[in-house]
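S.K.:
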Amino acid sequence: MSGPRLRRVAVLVLEGAKPLDVGIPAQVFTTRDSMPYEVRVCGAEKGIVAGGDGLAYAVEHGLEALEWADIVFVPGYRHPDRTRPPLAVLEALTAAHARGARLAAISTGAFALAATGLLDGRRATTHWHYTAALARTHPLITVEENVLFVDEGDVLTSAGAASGIDLCLHVIRGDLGVGPSNHAARRLVAAPYRSGGQAQYVPRTVPEQLGERFAATREWAIAHLHEPLTLAALARQAAVSPRTLSRQFLADSGYTPMQWLLRVRVDAARELLERSERSVDQIAADVGLGTAANLRMHFQRILGTSPGAYRRTFTPND
37 MSGPRLRRVA VLVLEGAKPL DVGIPAQVFT TRDSMPYEVR VCGAEKGIVA GGDGLAYAVE
97 HGLEALEWAD IVFVPGYRHP DRTRPPLAVL EALTAAHARG ARLAAISTGA FALAATGLLD
157 GRRATTHWHY TAALARTHPL ITVEENVLFV DEGDVLTSAG AASGIDLCLH VIRGDLGVGP
217 SNHAARRLVA APYRSGGQAQ YVPRTVPEQL GERFAATREW AIAHLHEPLT LAALARQAAV
277 SPRTLSRQFL ADSGYTPMQW LLRVRVDAAR ELLERSERSV DQIAADVGLG TAANLRMHFQ
337 RILGTSPGAY RRTFTPND
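Quick note, our numbering runs 36 ahead of the 1-based positions in the sequence shown.
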């Protein structure tokens, strides 16, 4: 008997495509035991597509790949405010969406989705350099200027290239759960979770490697989730005052230390729900949320579901 069908990912390479934007989904979803996906890289036509940065792409598929795909990624491309994808591309994207495929844009790929009209009346983002242009040329879109990605269900958009990794990990979390997403993040040597609402960048007069500065504190906290961690305890571990930790942690991550800690605890609970048979009470204690009632409350507020419903989603049917 054959196994379950692989999830189908099409990466649509447009003229002027940026190499990192193309490579991110192509690599993240490459078929392996931990990633039940199949990837097809395509263009308006099969053959050579001129790219940006002196590169070209030899794509093996044309627009028929969009008829096959469950999700279509549109990488960013050069001069999106001055060029428009061919009509055949826009029609293929619209048709793929109409039959139920999700569409996901990385960086300026959002302009291609915008040109189809599918982003009208929705929230979207793109690289910070182009958010004003996207808002100006497509006034029916609510452009989020300073977020990493926006998930509107069947249409997703992300900011600059690195946030494409965040978007891909977000898709994996939704498809397979937090465990496989964390595994993919480790393979990519990427942050396992950055929320879509996190700032694209934080201007600083003097650049500081704040992420590295508090990396050891974050690792320590993750290893001690079962303990009653406080802001004061985190500050002691970081060797700074609570006020300094709060201010710089927020600038670095988009969260206060305690907001970050809560989300880490919920993610740890998600992984235990997916991979263990421990009760909700036991899991609540394991991750430092105390009681099942407390875990349920935070689960509902952050994820919009209950621990029980979440566990059933990731329990294979007999």
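Just so it is clear, CB atoms sit at the ideal spot from N, CA and C, and this is done for glycine as well.
In this text, all values refer to a predicted model and were calculated from it rather than measured experimentally.
Taking the straight line between their C-alpha atoms, what separation do you get for L265 and G340?
M.R.: So the two alpha carbons sit approximately 25 Å from each other.
S.K.: What are the boundary residues of the beta strand (DSSP E) that G83 is part of?
M.R.: Residues G83 to A86.
S.K.: Could you compute how far the alpha carbon of A345 sits from the alpha carbon of G79?
M.R.: Computed Cα separation, rounded: 40 Å.
S.K.: What separation, rounded to the nearest whole angstrom, lies between the Cα atoms of G90 and D57?
M.R.: If you take the alpha carbons of G90 and D57, they lie about 15 Å apart.
S.K.: In the DSSP output, which residue or residues are listed as bridge partners for T193?
M.R.: The partner list for T193 (beta bridge, DSSP) reads A141 and V186.
S.K.: Going by alpha carbons, who is nearest to I107 out of R44, L149 and T253?
M.R.: When each option's Cα is compared against that of I107, the closest is R44.
S.K.: Taking the alpha carbon of R118 as the point to measure from, which residue in G83, F147 and Y291 has its own alpha carbon closest?
M.R.: Taking only the C-alpha atoms, the option nearest R118 is F147.
S.K.: Using only the alpha-carbon positions, how far apart do L170 and H115 sit?
M.R.: Each residue's alpha carbon lies about 12 Å from the other.
S.K.: Are G145 and V110 closer than 8 Å when you measure CB to CB?
M.R.: Yes.
S.K.: Would you say H165 and G112 are within 8 Å of each other, going by their C-beta atoms?
M.R.: It is not a contact, given that the beta carbons lie outside the stated cut-off.
S.K.: In the DSSP assignment, find the unbroken alpha helix (DSSP H) run with R306 in it and report its ends.
M.R.: R306 -> alpha helix (DSSP H) spans P293 to R311.
S.K.: Take the Cβ of E255 as the centre, count every other Cβ of all protein chains shown within 10 Å, and call the residue buried at 16 or more, exposed below.
M.R.: So E255 ends up on the exposed side.
S.K.: Report yes if the C-beta distance between S312 and P216 is below 8 Å; otherwise report no.
M.R.: It is not a contact, given that the beta carbons lie outside the stated cut-off.
S.K.: For I107, list the residues DSSP reports as bridge partners.
M.R.: DSSP output for I107 lists V45 and R138 as bridge partner(s).
S.K.: In this structure, what does DSSP give as the bridge partners for M333?
M.R.: Its beta-bridge partners do not exist; DSSP assigns none.
S.K.: So, helix, strand or coil for A169, using DSSP?
M.R.: Helix, per DSSP.
S.K.: Report all residues from its chain with a CB closer than 6 Å to the CB of G196; omit the five preceding and five following residues, and keep chain order.
M.R.: S143 and H163, listed in sequence order.
S.K.: Just to confirm, is the Cβ distance from L176 to L154 under 8 Å?
M.R.: No, they are not a contact pair.
S.K.: I need the DSSP call for T341, collapsed to helix, strand or coil.
M.R.: The answer is coil: DSSP assigns T341 none of H, G, I, E or B.
S.K.: Mind checking who Y73 pairs with in its DSSP beta bridge?
M.R.: Looking at the DSSP assignment, Y73 forms a beta bridge with R43.
S.K.: According to DSSP, is V362 helix, strand or coil?
M.R.: Residue 362 falls outside the range modelled here, since the chain spans only 37 to 354, and no answer is possible.
S.K.: Taking all protein chains shown into account, decide if G247 is buried (16 or more other Cβ within 10 angstroms of its Cβ) or exposed.
M.R.: Any reading at G247 needs caution, since the residue's pLDDT is 49, under 50, leaving its predicted position unreliable; the model's value is listed next. Counting Cβ neighbours within 10 Å, G247 comes out exposed, since fewer than 16 surround it.
S.K.: If you follow the beta strand (DSSP E) that V95 is in, where does it begin and where does it stop?
M.R.: Taken as a continuous stretch (DSSP letters only), the beta strand (DSSP E) holding V95 covers A92 to V95.
S.K.: Would a C-beta distance cut-off of 8 Å place L129 and A46 closer than the cut-off?
M.R.: For L129 and A46, no; Cβs fall outside 8 Å.
S.K.: Under three-state DSSP, which class holds R159?
M.R.: R159 falls in the strand class under three-state DSSP.
S.K.: Looking at the structure shown, is R114 part of a helix, part of a strand, or coil, going by DSSP?
M.R.: Three-state DSSP puts R114 in coil, outside helix and strand.
S.K.: Could you work out which residue in Q295, W104 and T152 is closest to A124 when comparing CA atoms only?
M.R.: Checking every option, the nearest Cα to that of A124 belongs to T152.
S.K.: Out of R41, H260 and T161, state which residue places its alpha-carbon closest to the alpha-carbon of V191.
M.R.: Selected option, being the one with the closest Cα: T161.
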